[in-house]
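The sequence shown maps to residues 57 to 368 in my numbering. Single-structure report; data block below.
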Amino acid sequence: MANRLSYSDLLKYMEIVLDMEKNVYIEEQTWKYLNNQANNLGIKKIYKEPKKSNVDTSGCGSFIGCGTVMGIAATGLTVLHSTCTSSCLAPLEEGFWNKPITIGVSVFLICLVIILIMFLAEKKDKDNQYEQDMKKYKKNMENDRVRVERELKQKRYIQTQCNTLAQMYQKSRNALDTIYSYDILEMKYRNIVAVSSIYEYLKYDRTRSLQRVGSDEGAYNMFETEMRLNKIITNTDVIIKKLDKIMENQRELAYTMRNAQNSINTLINSTNQIQGSLDTLNTGVELSNYQLRQANNELRYMNFMNTLRFYI
Numbered sequence: 057m058a059n060r061l062s063y064s065d066l067l068k069y070m071e072i073v074l075d076m077e078k079n080v081y082i083e084e085q086t087w088k089y090l091n092n093q094a095n096n097l098g099i100k101k102i103y104k105e106p107k108k109s110n111v112d113t114s115g116c117g118s119f120i121g122c123g124t125v126m127g128i129a130a131t132g133l134t135v136l137h138s139t140c141t142s143s144c145l146a147p148l149e150e151g152f153w154n155k156p157i158t159i160g161v162s163v164f165l166i167c168l169v170i171i172l173i174m175f176l177a178e179k180k181d182k183d184n185q186y187e188q189d190m191k192k193y194k195k196n197m198e199n200d201r202v203r204v205e206r207e208l209k210q211k212r213y214i215q216t217q218c219n220t221l222a223q224m225y226q227k228s229r230n231a232l233d234t235i236y237s238y239d240i241l242e243m244k245y246r247n248i249v250a251v252s253s254i255y256e257y258l259k260y261d262r263t264r265s266l267q268r269v270g271s272d273e274g275a276y277n278m279f280e281t282e283m284r285l286n287k288i289i290t291n292t293d294v295i296i297k298k299l300d301k302i303m304e305n306q307r308e309l310a311y312t313m314r315n316a317q318n319s320i321n322t323l324i325n326s327t328n329q330i331q332g333s334l335d336t337l338n339t340g341v342e343l344s345n346y347q348l349r350q351a352n353n354e355l356r357y358m359n360f361m362n363t364l365r366f367y368i
């Protein structure tokens, strides 16, 4: 059937199909990106509330032990003094026997004072640290509350844009299916990679037909040959990363995908842009303009297809 079309009509048809494939790709990829972005907005962070640390008293044992030993030693010497009757110890009665008691009690009391000082100092440090941790915790909680509130506004707006894009995608997909339903292009070639290659063959006059006609190999055969020679990259993710490389054998696809990526970036950036305050979100001018252009283009395309009914 396609061979009944004139070369100019076939070229125009392939140009239309390529543009519609590009728009379906733009709308689908933009929707995926924004939908994923919306799903990651407005999620609260989990902050662990700080707890007061208990004062570590394990180091106090050595001081208590020291004081206890000294107290026991002083007590023992006192008992020994009270039971000793030797005259050789008498001269030391006033000077020597009273000192152990004084030293033992003093050391014990000093140890207790040191323990108390250490305890109070550490408790103060722990309390100060807890107070700082609580201030930081409350500040983080408040900052996160403000962020979540702001992101929820963005999320609602982006979801609205996603709904619009989903409707546009379905409409564009239906229009493309209608264009394909004329059966000008065989089913296996109804994708952006094959369409762009076939359009390129026709545009640069490498062929003037889809199928072989006389000495004209035809676009289908040319595409299959390049596929066998691995000159055609079909994975769109790889294509996006290697636009400069595919320019050698898939020029129109490279132009199309670069244009599509620019449109996707423009739509994403305009959706994420916040003008003025948080309450004054971008009203989706870029998406509205894009939607209007698509509606006008699809109307023109359908009018053109209606003129082909006579030949098909």
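Yeah, the Cβ is synthetic: ideal placement off N, Cα and C, and Gly gets one too.
Using C-beta distances below 8 Å, list every residue in its chain close to V341, excluding the 5 sequence neighbours before and after it, in chain order.
S326
Own chain partners of Y236 with C-beta closer than 7 Å, once the 5 adjacent residues on each side are dropped:
R246
Report all residues from its chain with a CB closer than 6 Å to the CB of M361; omit the five preceding and five following residues, and keep chain order.
none
Among the residues of its own chain, which have a CB less than 6 Å from the CB of E207, if the five just before and after it don't count?
L97, G98
Around the C-beta of E304, are 16 or more other C-beta atoms found within 10 angstroms, so that it is buried, or is it exposed?
exposed
Determine, using beta carbons only, whether E71 and Y225 come nearer to each other than 7 Å.
no
Endpoints, alpha helix (DSSP H) assigned at L241
First-last for L241: undefined, no H or E at that position.
Which of the three DSSP states is assigned to D75 in this structure?
helix
Helix, strand or coil at D200 according to DSSP, with G and I counted as helix
helix
If W87 sits next to A231, beta carbons under 8 Å apart, how far is it from one beta carbon to the other, in whole angstroms?
Not a contact, Cβ separation roughly 17 Å.
Where do the ends of the alpha helix (DSSP H) carrying I362 lie?
Correcting the residue identity first, residue 362 is Asn in this sequence and not Ile. Element bounds for N362: 341-363.
Proximity below 7 Å, CB of T263 to CB of A275:
yes
Mark Y69 as exposed unless 16 or more other C-beta atoms lie within 10 angstroms of its C-beta, in which case mark it buried.
buried
DSSP three-state label for K261, please.
In the sequence as presented, Lys is not what sits at residue 261; that position holds Asp. Coil.
Report buried or exposed for V73, applying the criterion of at least 16 other Cβ atoms within 10 angstroms of its Cβ.
buried
Using a Cβ-Cβ cutoff of less than 6 Å, which residues in the same chain neighbour K100 once the five nearest sequence positions on both sides are dropped?
V204
Apart from the five residues just before and just after S62, which ones in its own chain have a Cβ nearer than 6 Å to its Cβ?
none
From this set, T292, Q350, L90, M278, which residue's C-alpha is nearest K227's C-alpha?
Q350
Spatially closest choice to L241 from Q306, N184, Q347, S265, by CA coordinates:
S265
Taking all protein chains shown into account, do 16 or more other C-beta atoms lie within 10 angstroms of the C-beta of Q185, making it buried, or fewer, making it exposed?
exposed
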